[in-house]
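These notes concern the structure reproduced below.
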Amino acid sequence: MPALKFRSTARRSPDVTLREAVLRGLAPDGGLYLPVELPRLSPQDLLALRSLPFTEMSFRVLKPFVQEEVPDAALREALRDALDFPVPVAELAPEFSVVELFHGPTLAFKDFGARFMARLMFHLLGEDRRTLTVLAATSGDTGGAVAHGFFGVPRTRVVVLYPAGRVAAAQERQFATLGGNVTALEVAGTFDDCQRLAKQALADSELRQSLLLSSANSINIARLLPQMLYYFWAGAQSPDDGLPVVFSVPSGNFGNLTAGILAWRMGLPAEGFIAAT
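All residue numbers for the sequence shown refer to this note's numbering, where the first residue is 5 and numbers rise by one.
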């Protein structure tokens with residue numbers, strides 16, 4: 005099976021492998037990398053997911069994206085290590101349930117993406133002995149999730165950019181007190197200024213010649229892929245009664261919603277999505 009390729013949304017850069025898409029973060033033309041073609045799950049595949057525990061279900065969903073770039077044993081290990089917390093689907097009323105995504109170490113749904121991304125990046129580094137510098141702009145929960153996800157991961161260094169006076173004290177402590185391979189930089193500006201600094205660094209060809217540089221924000225496909233998993237999990241836990249499933253997704257920059265739509269395009273049965281803003 006040929007390796008899955010990833011294409012920039014700006015369509016002015018060559019298609020790349022998963023390794024290059026993840027380790028670059030942002031395409032040279034400023035676009036975001038998405039799969040050229042999404043793998044499809046058959047009705048039989050979806051039915052099989054219903055009987056699997058979360059990590060094995062996650063393996064079945066993500067394997068077509070990584071193919072031979074990450075061996076099966078390494079992918080399973082990454083999933084077990086990253087997603088080692090429960091994902092309950094709690095029924096609040098008949099035909100109305102909520103997926104609890106706050107059981108990770110920083111209590112944010114971004115633990116799913118950040119923790120898997122860290123382990124995926126480590127495996128994709130392979131024989132490259134350089135240190136990967138990962139930039140993350142945050143207004144709160146991204147910083148904590150990324151910092152904890154990468155903390156202690158070999159050959160990685162995280163730099164968290166956050167706006168001065170605009171982050172809750174508890175969230176600031178999550179990423180500013182770890183030390184080790186995590187550095188927090190307070191920026192005199194807004195969250196948009198932090199994002200702009202990160203994107204300027206990623207687009208700086210001279211800087212990229214001296215540093216192996218990537219992004220941990222949701223512009224990186226490695227953040228979106230694991231966020232698809234809880235949509236499939238919720239679908240697998242829903243009653244098999246033929247009723248349509250609608251996902252209502254609390255939305256900021258729509259990365260979480262995008263992951264749901266990717267899952268739907270892979271074959272997840274969904275009647276629709278509500279972008280709750």
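Backbone N, C-alpha and C define an ideal beta-carbon position, used for all residues, glycine too.
Everything numeric in this text was worked out from a predicted model, so none of it was measured.
C-alpha gap between residue 204 and residue 258, whole angstroms: One C-alpha to the other measures close to 22 Å.
Within the region 57-102, ranges of the beta strand (DSSP E) (whole runs, at least 3 residues): 93-97
As assigned by DSSP and simplified to three states, the class of residue 118: helix
contact_flag[the region 198-217, the region 230-237] where n(CB pairs < 8 Å) is 3 or more: no
Counted within 10 angstroms of its Cβ, other Cβ atoms place residue 48 as buried (16 or more) or exposed: exposed
Anticipated Cβ contact below 8 Å, residue 219 with residue 35, distance rounded: Not really, about 13 Å apart at Cβ, beyond 8 Å.
Reduced DSSP category for residue 233 - H, G, I as helix; E, B as strand; rest coil: helix
Residue burial classification, residue 278 (beta-carbon count within 10 angstroms, cutoff 16): exposed
Residues bridged to residue 11 [DSSP beta-bridge criterion]: 38
Straight-line gap, residue 96 to residue 14 (C-alpha atoms, nearest Å): Answer to the nearest angstrom: the Cα atoms are 42 Å apart.
Through-space distance from residue 191 to residue 6, alpha-carbon basis: 44 Å
Residue burial classification, residue 106 (beta-carbon count within 10 angstroms, cutoff 16): exposed
Where residue 180 sits in the DSSP three-state scheme: Helix, per DSSP.
Beta bridge counterpart(s) of residue 161 as assigned by DSSP: 137
Continuous beta strand (DSSP E) stretch holding residue 276: start and end: 276-280
Residues bridged to residue 190 (per DSSP): 166
Every unbroken alpha helix (DSSP H) inside the region 212-263 [4 residues or more]: 225-231, 233-241
Three CB pairs or more closer than 8 Å across the region 69-80 and the region 108-115: no
Whole-number beta carbon distance between residue 151 and residue 138, since they are thought to touch under 8 Å: Between residue 151 and residue 138 the Cβ distance is about 10 Å, and since that is not below 8 Å, they are no contact.
Per-residue DSSP class, three states only, for residue 171: coil
Length of the line joining the Cα atoms of residue 17 and residue 25: For residue 17 and residue 25, the distance between alpha carbons rounds to 11 Å.
Minimum C-alpha distance to residue 280 - residue among 272, 262, 254: 254
Own chain, CB closer than 6 Å to residue 9, minus 5 neighbours either side, in chain order: 19, 40
Beta-carbon separation (whole angstroms), residue 51 vs residue 64, contact threshold 8 Å: Approximately 12 Å separates the beta-carbon atoms of residue 51 and residue 64; this is outside 8 Å, ruling out the contact.
Nearest-angstrom beta carbon gap, residue 87 and residue 62 [assumed within contact, 8 Å]: 6 Å
Own chain residues within Cβ distance below 8 Å of residue 133, not counting five before or after: 159
Per DSSP, cross-strand counterpart(s) of residue 150: Per DSSP, none; premise fails for residue 150.
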